[in-house]
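The numbering used here puts the first residue of the sequence shown at 48, with every later residue one more than the last.
For glycine and all other residues, C-beta sits at the position ideal for the given N, C-alpha and C.
None of the values given here were measured: they were computed from a predicted structure.
Notes follow once the structure below has been shown.
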Amino acid sequence: MYIATKTKAATTTASSNNSRLLVYRIDGEVQLPRVPLETSNEIDFMIPQTDAPIEVIVAGDLAYNRNCAVCHGMDGISLRRDTYPDLRHSSRMLIAASWDSVVLGGELQDNAMVSFADQLVDGEAEAIRAYIISRAESNFAEQ
Ligand code: HEC
Numbered sequence: 048m049y050i051a052t053k054t055k056a057a058t059t060t061a062s063s064n065n066s067r068l069l070v071y072r073i074d075g076e077v078q079l080p081r082v083p084l085e086t087s088n089e090i091d092f093m094i095p096q097t098d099a100p101i102e103v104i105v106a107g108d109l110a111y112n113r114n115c116a117v118c119h120g121m122d123g124i125s126l127r128r129d130t131y132p133d134l135r136h137s138s139r140m141l142i143a144a145s146w147d148s149v150v151l152g153g154e155l156q157d158n159a160m161v162s163f164a165d166q167l168v169d170g171e172a173e174a175i176r177a178y179i180i181s182r183a184e185s186n187f188a189e190q
């Protein structure tokens with residue numbers, strides 16, 4: 048369980064400056080992870096509309112800030128986009144199955160984005176997606 052607060056600096060599994068410590072082993076077969084990150088952030092797409100009720104968005108806000116903000120940034124705003132994708136720009140928000148594949152299915156677990164299936168209760172991944180869509184919409188409106 049991750050607890051995110053506004054006052055405490057985030058402690059994360061990835062470093063903030065993208066430097067890496069490489070440990071070599073004879074006969075080692077592990078491939079280096081790709082650097083820099085290539086994420087669904089780089090895809091241009093139209094921000095979708097969400098018709099989720101406000102209670103769902105609020106639940107998504109709480110679940111996001113409790114579980115995801117420590118890496119992806121408070122209120123959906125990533126302060127280190129090179130390491131942690133700013134989810135307001137992630138085309139994964141478009142399709143629930145694509146979102147769930149990462150958030151619940153661990154599709155990107157080799158890149159330090161583990162599954163949150165054990166942390167989230169039913170519907171929370173979808174509520175977070177609705178919240179991120181609403182954050183993307185307001186970010187777009189402010190530009
Ligand atoms: C320990 C840090 C950490 C936490 C906590 C975390 N993530 Fe991630 N997340 C990452 C990293 C690192 C990536 C980039 C993975 C890659 O390069 O493929 C990522 C990628 C993603 C992506 C794919 C973005 C894209 O455009 O490719 C989604 C969606 C995502 N995270 C959602 C979430 C959600 C929702 C939560 C909370 C339930 C969460 N993450 C919590 C580290 C984290």
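Query raised in the report: Out of curiosity, what's the CA-to-CA distance linking Glu173 and Asp74?
Result: One-based indexing of the sequence shown puts residue 173 at position 126. One-based indexing of the sequence shown puts residue 74 at position 27. Their backbone Cα atoms lie some 43 Å apart in a straight line.
Query - Sub-8 Å separation of Asp133 and Ser125 beta-carbons - result: Along the sequence shown, read from residue 1 onward, the residue named residue 133 stands at position 86. Along the sequence shown, read from residue 1 onward, the residue named residue 125 stands at position 78. Taking C-beta atoms as the reference points, Asp133 and Ser125 count as a pair closer than 8 Å.
Requested in this report: Note down the Cα distance separating Asp98 from Ile180, rounded to an integer number of angstroms.
Outcome: Translated into the one-based positions of the sequence shown, residue 98 becomes position 51. Translated into the one-based positions of the sequence shown, residue 180 becomes position 133. Roughly 10 Å between the two C-alpha positions.
Report task. Note down the Cα distance separating Ala183 from His136, rounded to an integer number of angstroms. Result -> Counted from its first residue, the sequence shown places residue 183 at position 136. Counted from its first residue, the sequence shown places residue 136 at position 89. As the crow flies, the alpha-carbon of Ala183 is around 7 Å from that of His136.
Query raised in the report: Around the C-beta of Met140, are 16 or more other C-beta atoms found within 10 angstroms, so that it is buried, or is it exposed?
Result: Stepping through the sequence shown from its first residue, residue 140 is reached at position 93. Buried, since its Cβ has 16 or more Cβ neighbours within 10 Å.
**Report entry** Burial state of Ala196, where buried means 16 or more other Cβ atoms lie within 10 Å
**Finding:** The question about residue 196 has no answer here: the residues shown for the chain are numbered 48 through 190.
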